[in-house]
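Quick notes on the structure that follows.
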Amino acid sequence: MMTFTRKLKSTTLILGLAMLGFSCSDSDNNSESATISGKVENGNQKVAAADGTVVSAARITSNGSIQTIDGTEADTEASGRFDVAVNADAYQNIVVQAKSEAETNMGYVAAKVENGSSYTIKPINAESSAETKVFAELVASGNAKMVNKSEIEAVVTSNSAAAINANASESSRIAAALSNSARVRAEYFESEFEGESEAKMEAVTNAMIDAQTQLEAQLNNSNSVEARQEAYATFRASFTNAYLNAEMEASTAAKIVEMWGRVFINSTSSASAEVKSEMNTQVSILTATIIDTAVKAEMEAAGTEQSSRDAVVQAGVTLKSEINASAGVMSEIRAAFETYHDEVRTALENDSNFSASAIVTVDSEINSNSGAKSSFDSSIAATISADLVMNIYNSFYSSIESTVESNISGSEAELEAVTELMILINTAS
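The opening residue of the sequence shown carries number 3 in our numbering; numbering runs sequentially from there.
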């Protein structure tokens, strides 16, 4: 029998998240300095900054303010590219500022920079400025080590950058939300993986480093909208694959990302409509991607018919398309997940490996007025405490397991497959 409830341990894993996600190489640079390279773009226009832009290194202080480092100024080339040298031994949380008559933008090097090495950061523009402001809030709150740069990347986009840059409260909310999500994830890793939790988290973190490194390199070399869109699509896939490739079941990876995303959204309820709608879309796409991947894996493991698998593939395509078209409206996003739930359930009903009546009975009981889903939805709404979140999810998982075992007769493998599928299609719907 599967067991979903385990004694929670302390969240020591949050200290294991290295704030990385950068491109670094050894070089013949002066060993008394590090070189930071990149390019400056005008706002969100994604074009090279005009002549007259001056870049310089700065640091984020312990209170989150940005302090320029004297003697590091450099001019951009006509292409907007720059190289800045800074004595890394003297500073932490290094930022590059780009100032012109029209605007000031910045980007941050999300790692401990070392002298004698060179680093490439993503293009400096309004989006990178918004991300840097979120990171500065994490530094000020003492939570910078809890959150990976790729997680900031995943929720802050060019569409929300202007609103974040215009209101310090927005970056503060996002930083707090990411911290809340990180705590919940750490609790889940400690509970689910026990002695392997640190190794699993390290594997995820390293994969996220690779995803961010690849994205920043692609963005620095991109010269078209299509190239940037492709870079971000690759990044989103790599973000979810960071969990899938960490030697854990796809369904477990999906639970982690869904939980992480839900707590993030719960934590940003007071964000402006513009920022919240964009974050709703980005987080929901990540959730949809990994849930769909896990459902397909469970369908294959259960030996379902090809027609059933084909139906699930199409359901996943529709799910992501509808989320992208939702404009971040949560009622529309929930409706998209509900449609996905219905289509996967229909595929299970029509598959000869399962009893259609048993599938209907199980899912109907889960979704009844007094069922597991109703209790879960009412309990999890607005909840952000790691302990409470874990208790609510564990209760939900256990209730579904009991419902499956009470209504379906089959092998242990069949019961496990149905349980996982019912959890996956009912959690976000």
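Ideal Cβ positions, reconstructed from N, Cα and C, are used throughout, including at glycine.
Please read all numbers here as calculations on a predicted model, not as lab measurements.
Check residue i in the structure and name its three-state DSSP category.
{"i": "residue 215", "result": "helix"}
{"i": "residue 109", "result": "strand"}
{"i": "residue 385", "result": "coil"}
{"i": "residue 267", "result": "helix"}
{"i": "residue 329", "result": "coil"}
{"i": "residue 99", "result": "strand"}
{"i": "residue 156", "result": "helix"}
{"i": "residue 76", "result": "strand"}
{"i": "residue 429", "result": "helix"}
{"i": "residue 346", "result": "helix"}
{"i": "residue 115", "result": "coil"}
{"i": "residue 148", "result": "coil"}
{"i": "residue 304", "result": "coil"}
{"i": "residue 272", "result": "coil"}
{"i": "residue 356", "result": "coil"}
{"i": "residue 247", "result": "coil"}
{"i": "residue 366", "result": "helix"}
{"i": "residue 318", "result": "helix"}
{"i": "residue 197", "result": "helix"}
{"i": "residue 93", "result": "coil"}
{"i": "residue 224", "result": "coil"}
{"i": "residue 397", "result": "helix"}
{"i": "residue 372", "result": "coil"}
{"i": "residue 169", "result": "coil"}
{"i": "residue 33", "result": "coil"}
Tell me which same chain residues have a C-beta within less than 8 angstroms of the C-beta of residue i, skipping the five on either side of it?
{"i": "residue 413", "result": "none"}
{"i": "residue 136", "result": "154, 158, 166, 173, 176, 177 and 180"}
{"i": "residue 61", "result": "68, 69, 71, 93, 94, 95, 96 and 97"}
If I measure Cβ to Cβ from residue i and keep anything under 6 angstroms in the same chain, skipping five residues before and after, which residues do I get?
{"i": "residue 352", "result": "none"}
{"i": "residue 1", "result": "Look at the range of the chain in this structure, 3 to 431, and you will see that residue 1 is not part of it."}
{"i": "residue 220", "result": "233"}
{"i": "residue 85", "result": "37 and 39"}
{"i": "residue 110", "result": "97, 134 and 137"}
{"i": "residue 210", "result": "150, 152 and 244"}
{"i": "residue 324", "result": "338"}
{"i": "residue 422", "result": "253 and 300"}
{"i": "residue 230", "result": "224"}
With a threshold of 7 angstroms on Cβ separation, who are the neighbours of residue i within its own chain once the five nearest residues in sequence on each side are excluded?
{"i": "residue 91", "result": "117"}
{"i": "residue 417", "result": "406, 407 and 410"}
{"i": "residue 378", "result": "394 and 398"}
{"i": "residue 314", "result": "297, 298, 301, 346 and 349"}
{"i": "residue 56", "result": "75, 77 and 101"}
{"i": "residue 66", "result": "138, 139, 141 and 142"}
{"i": "residue 277", "result": "162, 165, 166 and 172"}
Going by other Cβ atoms of all chains shown within 10 Å of its Cβ, with 16 needed for buried, is residue i buried or exposed?
{"i": "residue 365", "result": "buried"}
{"i": "residue 227", "result": "exposed"}
{"i": "residue 54", "result": "exposed"}
{"i": "residue 30", "result": "For residue 30, the predicted model reports a pLDDT of 49, less than 50, meaning its position is unreliable; a value from the coordinates is still stated below. Label assigned to residue 30: exposed."}
{"i": "residue 114", "result": "exposed"}
{"i": "residue 40", "result": "buried"}
{"i": "residue 196", "result": "exposed"}
{"i": "residue 428", "result": "buried"}
{"i": "residue 431", "result": "buried"}
{"i": "residue 4", "result": "Its pLDDT being 41, under 50, residue 4 is placed unreliably by the model, and the measurement read from it follows with that caveat. Classification of residue 4: exposed, given that the 10 Å Cβ count is below 16."}
{"i": "residue 305", "result": "exposed"}
{"i": "residue 286", "result": "buried"}
{"i": "residue 44", "result": "buried"}
{"i": "residue 81", "result": "exposed"}
{"i": "residue 156", "result": "buried"}
{"i": "residue 376", "result": "exposed"}
{"i": "residue 249", "result": "exposed"}
{"i": "residue 69", "result": "exposed"}
{"i": "residue 260", "result": "buried"}
{"i": "residue 217", "result": "buried"}
{"i": "residue 354", "result": "exposed"}
{"i": "residue 330", "result": "buried"}
{"i": "residue 103", "result": "exposed"}
{"i": "residue 309", "result": "exposed"}
{"i": "residue 21", "result": "Low per-residue confidence applies at residue 21: pLDDT is 41, beneath 50, and the placement is therefore not dependable, though the value from the model is reported in the following sentence. When all chains shown are included, residue 21 counts as buried."}
Can you tell me which residues form a DSSP beta bridge with residue i?
{"i": "residue 86", "result": "38"}
{"i": "residue 69", "result": "61"}
{"i": "residue 414", "result": "DSSP lists no partner for residue 414."}
{"i": "residue 126", "result": "42"}
{"i": "residue 56", "result": "77 and 101"}
Count Cβ pairs between the stretch 364–380 and the stretch 157–176 that sit closer than 8 angstroms; are there 3 or more?
no
Closer than 8 angstroms is the cut-off here; do at least three beta carbon pairs connect the stretch 241–249 with the stretch 288–297?
yes
Check whether the stretch 342–359 and the stretch 315–322 are in contact - that is, three or more C-beta pairs closer than 8 angstroms.
yes
Contact the stretch 185–204 vs the stretch 252–268: 3+ CB pairs below 8 angstroms
yes
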